[in-house]
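Student: Have a look at the structure that comes next, please.
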Amino acid sequence: MGTKIKRFFRKIRIKRTTILVLVFVFMSATLVRQLFELQIIQGQDYISKFESRTTKKRVIKSTRGNIYDKNGEELATNVLAYSVTFEDNGTYDSTREKNLTLNGTAYQVLNILESNGDTISNNFHIVLDDSGNYKFDVEEGFTLNRFRADIYGQALIDNLTKKQKKATADEMMEYLTGSSGFSIVLDGDKAYTEEELTSHNLPLELTRQEILDLAIIRYELSTNSFKKYMAVTIATNVSEQSVAAIKENQSELQGIDIVEDSVRKYIDDVSMGPILGYTGQASADELEELRKKNPDYANDAIVGKVGIENYMETALQGKDGEETVTVDNLGKVLKIDSDTRVEPVAGNEVYLTIDSSWQSAVYQILKQRVAGILLSKIEATKTYDYSVQDAAQIKIPIYDVYNALVSNSVIDISKFSKADASDTEKNLYAKFQQKQQQVFDTITERLTGENPAALKDEDDQIQEYMTYICDDLLRDTLGIISKNAIDTSDATYQAWTNDKSISLKDYLTYAASQNWIDISKISTEGEYLDSSEVYQALTSYVIDYLKTDNSFSKLLYKYMLQEDTISGQELCLVLYEQGVLSKDDGMYESLASGAMTPYDFMVNKIYTLEIEPAQLALEPCSASAVITDVNTGDVLACVSYPGYDNNRLVNNMDTDYYAKLSLDQSSPFFNKATQQTTAPGSTFKILSTIAGMSEGVVDDSTYINCTGSFDLVTPAINCWNKQGHGEIEIREAIEQSCNYYFNMVGFKLGQDENGDFSENRSLTVLQKYASEIGLDKKTGIELTESSPQVSNAYAVPSYIGQGTNAYTTSQLARYATTIATSGTVYDLTLLDRQTDSKGSVLKEYEPNVINTMDVSQNVWDDIHDGMYRVVQTHKQFDGLGVQVAGKTGTAEVDGVYHPNHGMFIGYAPATDPQYAIAVRIENGYSSGNACLAADDIFKYIFQLADEQTILTGVAASDTSDTSND
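Here is the structure:
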């Protein structure tokens, strides 16, 4: 039987190949069955499991709280907008592939944004200058060092290496864009191939601006590298066109998304800019401080930069919410877990004490008054002769007005050399090039020639060039001449600075030999150069730098004007060609044809305020006013002229506008109401009255004989009435603002029982009463405010507001408020109340009395009577319609080269005060002009005249040359 079976198998023996085929068929069938099971039967389940492989928490941005004025008028609010976000959610085979992918995506987004007029937002501190070179947009200091530390990945500034601490903008860009950074630009054997670039939608060459923009985006993305799935915002408030284009191409833009956002919008009123401030992306140092109060601030947090936005930051900020989302391997959101969602909490609403209509009106009044003063001083001359030595007589040559168009960048001279420049601009630039070459030849000869003349022996033009190069450029701007290294007692330094008895070459050669020059800023060889080599390197550097120095170019245009190489007419025409003025005004043709002189043209444009005083930055060009509620210390208006448009600084900041404001010679970022300090002039005589009467050196019946010159001190002090007021008592002394009377008060307060005078004794009494009335401390106003200075020298002059007294307009307003209330010293405030987003009151800001002066009522009665008489004697207040009490003041600047400051403090109604006011017109010539502004303000707030007769929209026609103080 067994043999039969064996024979059977031998008969059916199969070839090996057949067996293999059978095995293969069996295995294939099994595999097909398994694939069918996986892809068809269970395919959707496996796909879901593959994609749903990670969850992440996503921040839901809160809404910033609104800001309102005292009447509920919206001052700062939020509007719906769209932002572009970027997250690194890809997987890559190599770092090279990662950089190519991210750079390519960023480049495509940049092109979309640019084509639609949108820009990226950033907190980067490297920019391109007019010559296309990388530079920092901040000065050396903490912010720049913190930026360096962030770029080089150091947690602490102190961890930076010596080389990193001194890294230039170029060096940092080289680091960021090279293989050590984001591999945006690679050279040599590491360079990208054409195929690599094309496949990732990158061009073969990038412009320097494109390289910078890519570096900014990659840097922003890198700040969230520790949270890969957290997106960063790279552009805010983008146009609908950009939104549509990005959504249309989103499949190719890995990690790019469009999210709903809100952007800050402010009331369209430049007077509110200095109060409200603006928001922006938090810097590293700001985040460090804010996280001490609230650790939840995100890296890309938008925070208040200045003003109320900054002061009330933590109240306005709100609290972000969060939600848990499930994402696939490409970062696409597949599911939102509603159970874990934490809703964001909107920021609190802040109500100010400011009346926005008053604020706007007072701003307009100040602008009209400043323009009127400016117009009254312009004359058709080239120069003014300061040998007159009388600040009240200073005139403004029309050539200074023409030059101001260039000097303060009303006209952009950099456009003169552009390909699309007008014929007028091209002609101006051709003349400039000739002048520039002549001046460079002269400077080169002075720096390299034998035995150059001493500075004092050069003409005025060459002196200004040399002084600019040494002091303004090398020392103050570039820091090449180190201020800290200079020995100011050195004879050579004195010869240059004071005597002008040596040449610039002699001074710089000596500075090099004394190691006053920081050679590391101009040469990489540094310490290996001797003093002669240092000087040679310096001279070469100076000439090269001046070729692109905009400030030096402006100097050349100044002298081209003086030499009549260029004309006022040409510059006025450029105002139209650069869009500063509209040709639709009907004056362009008259100016171009010569039918209208440039003098008449400029006078007309200043009168109509088409060219504002602040644009010209001549003297005067600024003013301030503060109005308070005398019963609470509430600030109803806090005006600084010029202001600025904070809508252009928020969200996607207009960097050109910011740069222009920063360099503007009228200093719009410097709040004239709270930061500018000057002597108070005769407004201070009220405090002198309090001190003199309270200490008993004078009383109601004390008569002092004013002879016109107080000669008990040296030098003698003249009264404004040089003929003398004769016998005069305290109320008359206030009314007439008699210097002699108050000089005597200061003198008597410095005498002991033997009649011997002591400066220190007199000043001690002054400081005591200044402290009691609050003039030795800040007002409490919720804005940046300069510290006051109570005089600590020149005792007798101090009692008439001279000495070293210095106060802000806000401090003078509190002073006026205290006088109006007979001694109640309030903290000033801009804050009324704070509510939540639903309107429930969270906090009300109550009046804060910091002192009540212990002064006899009869002293206050004399003061109030005297101040009432002041207003009655000033014709500026004729027919006002409300009783006002006040005090004028004129603060001398230098008596020769700059007009005096004009001031007024007061309150109304005189018998039942409601409002106190302080007005200052910087370089306003006389207190009479401040009185005229105050008169307009009182008419407006008490509705004593038709608004259109007050807010005329043109320069004021009446001005004052008299002070009587």
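With this note's numbering, letter number 145 in the sequence shown gets 396, and the count goes up by one each step, no holes.
All C-beta atoms, glycine included, are put in the ideal place defined by N, C-alpha and C.
When DSSP labels each residue in this structure, what does residue 1104 get in the three-state scheme?
Tutor: DSSP places residue 1104 in coil when its eight states are reduced to three.
Student: Looking only at its own chain, which residues have a Cβ that is under 6 Å from the Cβ of residue 1117, when we skip the five neighbours before and after it?
Tutor: Excluding sequence neighbours, residue 1117 sits near 982, 985, 986.
Student: Just to confirm my understanding: we take residue 1127, look at its own chain, exclude 5 residues before and 5 after, and list those with CB closer than 7 Å. What are they?
Tutor: Hits under 7 Å: 1179, 1182, 1183, 1186, 1211.
Student: Residues in the same chain with beta-carbon distance under 8 Å from residue 668, minus the five sequence neighbours each way, listed in chain order, please.
Tutor: Closer than 8 Å at the Cβ level, and outside the excluded window around residue 668, lie 680.
Student: Is the beta carbon of residue 361 less than 8 Å from the beta carbon of residue 461?
Tutor: In this structure, residue 461 lies closer than 8 Å to residue 361 by Cβ.
Student: With C-beta atoms as the reference, is residue 324 less than 8 Å away from residue 627?
Tutor: Contact flag unset, no.
Student: Taking 8 Å as the threshold (C-beta atoms), are residue 645 and residue 1150 in contact?
Tutor: Yes, they are a contact pair.
Student: Residue 1157 by DSSP, collapsed to three states: which one?
Tutor: DSSP places residue 1157 in strand when its eight states are reduced to three.
Student: Hey, out of 1048, 718, 272, 354, whose CA is closest to residue 433's CA?
Tutor: It is 354 whose Cα lies nearest to the Cα of residue 433.
Student: Taking DSSP's pairing of strands, which residues face residue 532 in a bridge?
Tutor: Partner(s): 553.
Student: Taking C-beta to C-beta, are residue 697 and residue 756 nearer than 8 Å?
Tutor: Cβ atoms of residue 697 and residue 756: closer than 8 Å.
Student: State the DSSP-derived secondary structure class of residue 274, mapped to helix, strand or coil.
Tutor: Residue 274: helix per DSSP, three-state reduction.
Student: Quick test of your reading: residue 908 and residue 865, contact by CB under 8 Å. State the CB separation rounded to the nearest angstrom.
Tutor: Incorrect: roughly 14 Å between the Cβ atoms, too far for contact.
Student: With DSSP collapsed to three states, give me the class of residue 1210.
Tutor: In the structure shown, residue 1210 sits in coil (DSSP, three-state: anything other than H, G, I, E or B).
Student: So, with DSSP's three-state summary, where would you put residue 525?
Tutor: In this structure, residue 525 counts as helix in the three-state DSSP scheme.
Student: Would you call the segment 961 to 976 in contact with the segment 987 to 1001, where contact means no fewer than 3 C-beta pairs closer than 8 Å?
Tutor: Result yes; three or more Cβ-Cβ pairs closer than 8 Å.
Student: Do you know how far the Cα of residue 933 is from the Cα of residue 1011?
Tutor: About 22 Å.
Student: Quick check on residue 334: does DSSP put it in helix, strand or coil?
Tutor: Correct three-state label for residue 334: strand.
Student: Grab the span of the alpha helix (DSSP H) containing residue 1042 for me, first residue to last.
Tutor: Premise fails: residue 1042 is in no alpha helix (DSSP H) and is neither H nor E.
Student: Tell me the rounded alpha-carbon separation between residue 947 and residue 961.
Tutor: C-alpha separation (whole angstroms): 21 Å.
Student: Expressed to the nearest angstrom, what Euclidean distance is found between the alpha-carbon atoms of residue 621 and residue 867?
Tutor: Taking the straight line joining both Cα atoms gives about 12 Å.
Student: What residue range is occupied by the uninterrupted beta strand (DSSP E) comprising residue 378?
Tutor: Note, residue 378: beta strand (DSSP E), 377 to 379.
Student: Taking residue 800 as the reference, which of 677, 381, 1177 has the closest Cα?
Tutor: Closest by alpha carbon: 381.
Student: Taking C-alpha atoms, which residue in 445, 424, 1089, 916 lies nearest to residue 466?
Tutor: The option with the nearest alpha carbon to residue 466 is 424.
Student: By how many angstroms is the C-alpha of residue 1092 removed from the C-alpha of residue 593?
Tutor: Rounded to whole angstroms, residue 593 to residue 1092 spans 24 Å at the Cα level.
Student: Of the choices 281, 1148, 1121, 1176, whose alpha-carbon is the least far from that of residue 1137?
Tutor: Closest by alpha carbon: 1121.
Student: Sorted by chain position, which residues of the same chain lie with C-beta nearer than 7 Å to residue 401's C-beta, five sequence neighbours on each side aside?
Tutor: Closer than 7 Å at the Cβ level, and outside the excluded window around residue 401, lie 535.
Student: DSSP has residue 1002 in a bridge; who is on the other side?
Tutor: Partner(s): 1008.
Student: Use the C-beta contact count for residue 275: other C-beta atoms within 10 angstroms, 16 or more gives buried, fewer gives exposed.
Tutor: It is exposed - the Cβ of residue 275 has fewer than 16 other Cβ atoms within 10 Å.
Student: When you compare only the Cα positions, how much space is there between residue 923 and residue 1060?
Tutor: Whole-angstrom Cα-Cα distance: 8 Å.
Student: Going by the beta-carbon positions, is the gap between residue 942 and residue 831 smaller than 8 Å?
Tutor: Cβ distance not < 8 Å, so residue 942 and residue 831 don't count as in contact.
Student: Please say whether residue 1045 and residue 233 have beta carbons closer to each other than 8 Å?
Tutor: Any answer about residue 233 is impossible in this case: the structure gives the chain only from 252 up to 1216.
Student: Under 8 Å between the Cβ atoms of residue 376 and residue 393?
Tutor: No, Cβ-Cβ distance for residue 376 and residue 393 is not below 8 Å.
Student: For residue 1198 and residue 1026, I'd like the C-alpha separation in whole angstroms.
Tutor: Between residue 1198 and residue 1026, the C-alpha separation is close to 35 Å.
Student: Determine the DSSP secondary structure at residue 649, reduced to helix, strand or coil.
Tutor: Note: residue 649 maps to helix in three-state DSSP.
Student: Please tell me whether residue 843 has its Cβ less than 8 Å away from any Cβ of chain C.
Tutor: You won't find chain C in this structure, because it holds only one protein chain.
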